[in-house]
Amino acid sequence: MRCCSVIDLTTLAGDDTDANVMRLCHKAARPIRPDLVKALGMENFKITTGAICVYPNQVAVAKKYLKAINAEHIPIASVATGFPAGQTPLKLRLEEIRMAVADGASEIDIVINRTKALQGDWQTVYDEVKLMKEACGAAHMKAILAVGELGTMENVYKASMVCMQAGSDFIKTSTGKEGVNAILPVGLVMVRAIRDYLATTGIKVGFKPAGGIRNAKQGLTWLMLMKEELGDEWVKADLFRIGASSLLIDVERQLYHYVYGRYAAEHQLAMS
Numbered sequence: 080m081r082c083c084s085v086i087d088l089t090t091l092a093g094d095d096t097d098a099n100v101m102r103l104c105h106k107a108a109r110p111i112r113p114d115l116v117k118a119l120g121m122e123n124f125k126i127t128t129g130a131i132c133v134y135p136n137q138v139a140v141a142k143k144y145l146k147a148i149n150a151e152h153i154p155i156a157s158v159a160t161g162f163p164a165g166q167t168p169l170k171l172r173l174e175e176i177r178m179a180v181a182d183g184a185s186e187i188d189i190v191i192n193r194t195k196a197l198q199g200d201w202q203t204v205y206d207e208v209k210l211m212k213e214a215c216g217a218a219h220m221k222a223i224l225a226v227g228e229l230g231t232m233e234n235v236y237k238a239s240m241v242c243m244q245a246g247s248d249f250i251k252t253s254t255g256k257e258g259v260n261a262i263l264p265v266g267l268v269m270v271r272a273i274r275d276y277l278a279t280t281g282i283k284v285g286f287k288p289a290g291g292i293r294n295a296k297q298g299l300t301w302l303m304l305m306k307e308e309l310g311d312e313w314v315k316a317d318l319f320r321i322g323a324s325s326l327l328i329d330v331e332r333q334l335y336h337y338v339y340g341r342y343a344a345e346h347q348l349a350m351s
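Residue numbering for the sequence shown follows the numbering used here, beginning at 80 and increasing consecutively.
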């Protein structure tokens, strides 16, 4: 159940439609079948996912559907800044953030400039991320490092530190579109950077692994990493998220097996 509450339930496909987003909103508001929730004695917890995550042009659609089902309390996260490559002019990247916030996004997942990172131009990376944070206004900002494109663990650590220093509320492993996404060795480097930053500044920064996390066992492994390295505060949605589109399906599947002693047929679990 803890996995459910920290998932950023995501749809980031080229063929996303209003119907996809509507289904996503319904699943986020009721991630687990009511009979399973009742059997587990958790009816009073009002479990939802941590957020939903969509493209900027779907933010207004998501806001409309969440309002229609009385689930406006679920945060809307939007990718921005030329996701996933970030290869657009800075002016356009900043305007995309402002548009998403104006449409109702309360969280923005930005991508860093990997070109500048690979060239060792960390000042430009810092300056851009700082401007992105300013463009977010009151919205929380998650900085996507795209670790599969940074080349070395040293670059992953430097990128983590630069993004935190520039004001990122979260650091995130990947867009989910790279060849290497959320893997534990990289996650450990980023989590240690968060720990070092906390020790130096007293500021708590969240962490979001994303890409390739598809089953409940993987989700629990990431939760264990957070608990062991950063403590109980980092297993809650305000400081930890998992970016995933299919993880929730397996979590619900495993809960069904726990309650009924068998796995559900595909048609017995709602699509997300």
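Think of the CB as a built atom: it goes at the ideal place given N, C-alpha and C, for glycine as much as any other residue.
- In terms of Cα proximity to Phe286, the closest of Ala295, Ala272, Gly165 is Ala272.
- Linking Arg341 to Arg193 through their CA atoms gives a straight-line distance of about 46 Å.
- Per DSSP, the continuous alpha helix (DSSP H) segment holding Met305 begins and ends at 295-309.
- When secondary structure is reduced to three states using DSSP, Gly227 falls in the helix class.
- Taking Ile126 as the centre and dropping the five residues before and after it, the same chain places the C-beta of Met80, Cys83, Ser84, Pro110, Ile111, Val116 closer than 8 Å to its C-beta, in chain order.
- In the DSSP assignment, Val190 falls within the beta strand (DSSP E) that extends over 186-190.
- Going by DSSP, Val284 is part of no beta strand (DSSP E) at all; its letter is neither H nor E.
- Residues Thr167, Leu171, Arg172, Glu175, Val190 of the same chain have their beta carbon placed closer than 8 Å to that of Gly161, with the five preceding and five following residues left out of the count.
- For Leu348, there is no enclosing alpha helix (DSSP H), as DSSP gives it neither H nor E.
- Around the CB of Asp311, fewer than 16 other CB atoms lie within 10 Å, so the residue is classed as exposed.
- In this structure, DSSP gives Ala92 a state outside helix and strand, which the three-state scheme calls coil.
- DSSP lists Lys221, Gly285 as the beta-bridge partner residues of Phe249.
- In the three-state DSSP reduction, Ser157 falls in the strand class (E or B).
- Look at Val235 here: in three-state DSSP terms it is helix.
- Along the segment 107-171, the beta strand (DSSP E) occurs as fully enclosed runs of 3 or more residues at 130-133, 155-158, listed in sequence order.
- Beyond the five residues adjoining it in sequence on each side, Glu122 comes within less than 7 Å, by CB distance, of Val116 in the same chain, given in chain order.
- By the C-beta density criterion, Gly93 is exposed, having fewer than 16 other C-beta atoms within 10 angstroms.
- In this structure, the beta-carbon distance from Lys251 to Ile282 does not fall below 7 Å.
- For Gly290, the three-state secondary structure derived from DSSP is coil.
- Distance from the CA atom of Ala98 to the CA atom of Thr279, rounded to whole angstroms, is 46 Å.
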